[in-house]
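Chemist: Let me give you the structure first, and then I'll get to my questions.
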């Protein structure tokens, strides 16, 4: 499981809530932050937040800090679908089209078309997947109460 602290933004329905979490950069923790170009750029850029729909049937208040969990396999599967499948389709199309000795520009255009179709199929597949199967869920209220909202049981 991967965990992240977030703030409750609003209740969507009795089973789901919207949360906001701060987008984290890799910079800011080391001692060279003031002299590092990446650290300086990270400090200049506006702090961004993500708004995510998560499972939580327990009572939580707007503005309350909670800990959210997402299984690694869900994250890896989503990453594979979003990045791996279109990239692999692009590369396989390049390889297969090269076997026919077509002009390089034609091979590239065909590969881009196939990759675009792969992105669209991923989007369609995402709509067919039951959205609650891959939602993160609240595992702890920072007020001290621990619970799994997806199971609706107090630990």
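In the working numbering, the protein residues as written are 1 to 155.
By construction, the Cβ of each residue, glycine as well, lies at the ideal position given by its N, Cα and C atoms.
1. Taking the DSSP output, what are the residues bridged to residue 55?
2. Within the same chain, show all residues whose beta-carbon is closer than 7 Å to that of residue 12, passing over the 5 residues directly before and after it, in chain order.
3. Suppose only complete runs of 4+ residues qualify. What are the alpha helix (DSSP H) ranges in the segment 63 to 131, listed by chain order?
4. With DSSP collapsed to three states, give me the class of residue 5.
5. With DSSP run on the structure shown, which of helix, strand or coil describes residue 152?
6. I need the straight-line Cα distance from residue 139 to residue 122, nearest angstrom please.
7. Are the beta-carbon atoms belonging to residue 57 and residue 85 less than 8 Å from one another?
Modeler: The relevant details are as follows:
1. Here residue 55 corresponds to residue number 55 of the chain shown, with the count starting at 1. In DSSP, residue 55 forms a bridge with 16, 137.
2. Translated into positions along the chain shown, residue 12 becomes position 12. Closer than 7 Å at Cβ, skipping near neighbours: 18, 53.
3. Considered as a whole, the segment 63 to 131 harbours 72 to 79, 85 to 99, 104 to 128 as its complete alpha helix (DSSP H) runs of no fewer than 4 residues, in chain order.
4. To locate residue 5, count along the chain shown from 1; it is residue 5. Residue state, collapsed to three classes: strand.
5. Locating residue 152 in the chain shown gives position 152, counting from the first residue. Summary for residue 152: the model assigns pLDDT 44, below 50, so the residue's position carries little reliability; its value from the coordinates is reported in the next sentence. Residue state, collapsed to three classes: coil.
6. Counting from one through the chain shown, the residue named residue 139 turns up at place 139. Counting from one through the chain shown, the residue named residue 122 turns up at place 122. Residue 139 and residue 122: Cα-Cα distance of roughly 29 Å.
7. Position 57 of the chain shown, counted from the first residue, corresponds to residue 57. Position 85 of the chain shown, counted from the first residue, corresponds to residue 85. With contacts defined as CB atoms closer than 8 Å, residue 57 and residue 85 fail to qualify as a contacting pair.
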